[in-house]
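Student:
There are 2 protein chains.
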Amino acid sequence: MAKKKTTVKRKAPAATPPAIPTLGYVILTSLAHHPHTGYELTQLMGPPRNYMWEAKHSQVYPTLQLLAEHGYVTFEDIAQESKPDKKVYEVTERGLEALKEWARKGPTHVPVRDEFSVKMAALRLLPPSEAVAVLNRQIELVEGEIAAINLHLVDFVDRFRLPEPAQSNHRQFCLLSAIRLSRDLKLTAMEAYRKLAGELSRATEPAKASRAQSK
Amino acid sequence: MAKKKTTVKRKAPAATPPAIPTLGYVILTSLAHHPHTGYELTQLMGPPRNYMWEAKHSQVYPTLQLLAEHGYVTFEDIAQESKPDKKVYEVTERGLEALKEWARKGPTHVPVRDEFSVKMAALRLLPPSEAVAVLNRQIELVEGEIAAINLHLVDFVDRFRLPEPAQSNHRQFCLLSAIRLSRDLKLTAMEAYRKLAGELSRATEPAKASRAQSK
DNA sequence: ACCAACATGTAAGTGGTTACATGATTTC
DNA sequence: GAAATCATGTAACCACTTACATGTTGGT
């Protein structure tokens, strides 16, 4: 019957430092660049600018509250005329330290969960012409996203290449590289979609051609 | 004050067809290829073979139950000597239909949530030497993953290039493309990490060099 | 004696989405 | 007068992780 060690000890109080979810670090990374409101952060993490991490406002606001409770950020209430009031958040020293610590420790496992790749594998069950149609629709979608990122990149490069003395420039490389990477990942995916669409078309068109002859 | 339409109507019974979560379609895609046990599916979705979608056994088993309840899969209990009993799952006609329908409809939004890309952006806060160290550790990790996928790809290509009459071959292209894509995405990421590490090194080494001169 | 592989589950908790809720101001 | 932008929140639910739980066989 065995020992049945149903101890249910689970989770020592552990006090502080309290765990920050990844979204918290995403927010801290943005705030380390510049103070923002929850609304602005939500926009940075929603289409079309969700390059590295996306989130809805309903997740952003509570996370900001959590960060504030633990002293990682502070905020200031700003009353505005002709617009609703807002809270502008800023990183604290403590928040910066936590962010740096997080950045240092690794390696970082990025869970793979790509619905369209699964769909690609499933496309073998459809007639090739339908599969090609699905791929083409996806290509269109990704093309648009890539175009948007490219626009933003042009903007970005312009803004920081002009006034800076090469020294402080290299600090921006990190963000620039991350944005470029998000674009390149989409490009890689798009090429794969194109290639598969091409192969599936080539596999069917000869058949069509011979049927056309017998007609 | 306002109208306060706190109706709380929420969710008509809607009867069937019941919603399948994405993991359900992932499982159906695997089963459409070949019958599997929950244990095998878990291995297909865990390291080192989590190419498109990863999941733990604690999520796989309940999802299989759900699929079975709704008639998308059936299973057979297999008693084994010298090993625990197991349940081998198979897709039903209904499951295949649902899978095809899912594959057809799109486009598919793939949420972007790449923790390491965020970290890349945050690396600007660290001294370049530390940032390079973080990047190098990540590069090592991804290199290993890529090597593993390449091994699998060699295997895969061998197996289906030999016995097939070119006709049925092209059905495998879809799966093959998806696996290749997962590798290429990792390659793209790795290149970006390498490039940034290079740039950060170049930005610091001149400084080191000039300090070495004055020494 | 211990660990790895085989095999299947459940419970508790966190992370994330969708929908509910409110309200001012500007633009069509 | 309708929709879009600015602005902030909460509630319910679904997806996913971590930990609990159990048991067999075979290798070191």
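Those sequence lines, one after another, are chains A and E. Anchor point for the first sequence: position 124 equals 124 in the UniProt record's numbering, and the numbering is continuous, going up by one each time. Anchor point for the second sequence: position 139 equals 139 in the UniProt record's numbering, and the numbering is continuous, going up by one each time. Beta carbons: idealized from backbone N, C-alpha and C, even for Gly. Computed from a predicted model, the values in this text were never measured in an experiment.
Rounding to the nearest angstrom, what Cα-Cα distance links A32/A and G24/E in this structure?
Tutor: Whole-angstrom Cα-Cα distance: 40 Å.
Student: So if I threshold CB-CB distances at 9 Å, which residues from the segment 53-64 of chain E count as touching chain A?
Tutor: Cβ contacts with chain A come from W53, E54 and A55.
Student: Got a sec, what are the start and stop residues for the alpha helix (DSSP H) D158/E sits in?
Tutor: From DSSP, the alpha helix (DSSP H) with D158/E extends over P128 to R161.
Student: Check V88/A in the structure and name its three-state DSSP category.
Tutor: Three-state result, V88/A: strand.
Student: If you draw a straight line from the C-alpha of F160/A to the C-alpha of N150/A, how long is it?
Tutor: Distance between the alpha carbons of F160/A and N150/A: 16 Å.
Student: To which residues of the same chain is L126/A closer than 8 Å at the C-beta, ignoring the five residues directly before and after it?
Tutor: V134.
Student: Contact defined as beta carbons within less than 8 Å: I believe L64/A pairs with G38/A. What is the distance between those atoms, to the nearest angstrom?
Tutor: Their Cβ separation, rounded to whole angstroms, is 5 Å, which keeps L64/A and G38/A in contact under 8 Å.
Student: Can you tell me where the beta strand (DSSP E) holding E76/E begins and where it ends?
Tutor: That run of the beta strand (DSSP E) goes V73 to I78.
Student: Helix, strand or coil for T63/A? Go by DSSP, reduced to three states.
Tutor: DSSP places T63/A in helix when its eight states are reduced to three.
Student: Just the Cα atoms here: how many angstroms apart are K186/E and R113/A?
Tutor: If you take the alpha carbons of K186/E and R113/A, they lie about 13 Å apart.
Student: Less than 9 Å separating the beta-carbons of A203/E and H170/A?
Tutor: Yes, these two residues count as a Cβ contact at 9 Å.
Student: Quick one: measure Cβ to Cβ for A103/A and L123/E, integer angstroms, because I've assumed they're closer than 8 Å.
Tutor: That belief holds up - the Cβ atoms of A103/A and L123/E are roughly 6 Å apart, short of 8 Å.
Student: Between the alpha carbons of E90/A and R183/A, how many angstroms are there, rounded?
Tutor: Looking at the two C-alpha atoms, the distance is approximately 29 Å.
Student: Measuring only the C-alpha atoms, how far is G95/E from P107/A?
Tutor: The straight-line gap from Cα to Cα measures roughly 39 Å.
Student: Are the beta-carbon atoms of E115/E and V88/A separated by less than 9 Å?
Tutor: Not a contact, by the Cβ cut-off of 9 Å.
Student: What residues from chain A crowd round Q138/E, counting only those whose CB sits closer than 8 Å?
Tutor: By Cβ distance, chain A contributes G106, P107 and T108.
Student: By how many angstroms is the C-alpha of R180/A removed from the C-alpha of L153/A?
Tutor: So the alpha carbons of these two residues sit roughly 8 Å apart.
Student: In this structure, what does DSSP give as the bridge partners for H36/A?
Tutor: In the DSSP output, where bridge partners are listed per residue, H36/A has Y89/A.
Student: In three-state terms, what does DSSP make of R171/E?
Tutor: Of the three classes helix, strand and coil, the one that applies to R171/E here is coil, per DSSP.
Student: List, in chain order, every chain E residue whose beta-carbon is nearer than 8 Å to that of D181/A.
Tutor: Looking at the sequence shown, residue 181/A is not Asp but Leu. The contacting residues are S117, M120, T188, A189 and A192.
Student: Residues of chain E with CB closer than 9 Å to the CB of Y25/A, please, in chain order.
Tutor: Those within 9 Å of Y25/A in chain E are E115, V118, K119 and A122.
Student: Comparing C-alpha positions only, which one of A121/A, I78/A, E81/A and T92/A sits nearest to L99/E?
Tutor: Residue A121/A is the option with its Cα nearest to L99/E.
Student: For a cutoff of 9 Å on Cβ pairs, would you count Y51/A as touching chain E?
Tutor: So yes, Y51/A belongs to the interface.
Student: Would you mind reading off the limits of the alpha helix (DSSP H) that contains A121/A?
Tutor: Start and end: E115 to A122.
Student: Roughly how many angstroms separate the alpha carbons of E143/A and S201/E, rounded to a whole number?
Tutor: C-alpha separation (whole angstroms): 33 Å.
Student: In whole angstroms, give me the CA-to-CA distance for T188/E and S82/E.
Tutor: Straight-line Cα distance between these residues: approximately 45 Å.
Student: For R137/E and S129/E, I'd like the C-alpha separation in whole angstroms.
Tutor: Distance between the alpha carbons of R137/E and S129/E is about 13 Å.
Student: Rank A148/A, T74/A and S117/A by C-alpha distance to the C-alpha of A178/E and give the top, closest one.
Tutor: When only C-alpha atoms are compared, the closest one is S117/A.
Student: Which bits of chain E does F160/A rub up against, with CB to CB less than 9 Å?
Tutor: Ordered by position in chain E, no residue passes the 9 Å Cβ test against F160/A, which lies about 12 Å from the chain.
Student: Cα-Cα, which of I139/E, E93/E, A55/E and E40/E is closest to H70/E?
Tutor: Of the candidates I139/E, E93/E, A55/E and E40/E, the one whose C-alpha sits nearest the C-alpha of H70/E is E93/E.
Student: Could you tell me the alpha carbon to alpha carbon distance between I27/E and L41/E, rounded to whole angstroms?
Tutor: Roughly 7 Å separates the two Cα atoms.
Student: Who are W53/A's beta bridge partners in DSSP?
Tutor: DSSP lists R113/E as partners of W53/A.
Student: Specify the secondary structure class of T108/E as computed by DSSP and reduced to three states.
Tutor: Coil at T108/E, not helix or strand.
Student: Do you know offhand how far Q59/E's Cα is from P48/E's?
Tutor: Each residue's Cα considered, the two are about 18 Å apart.
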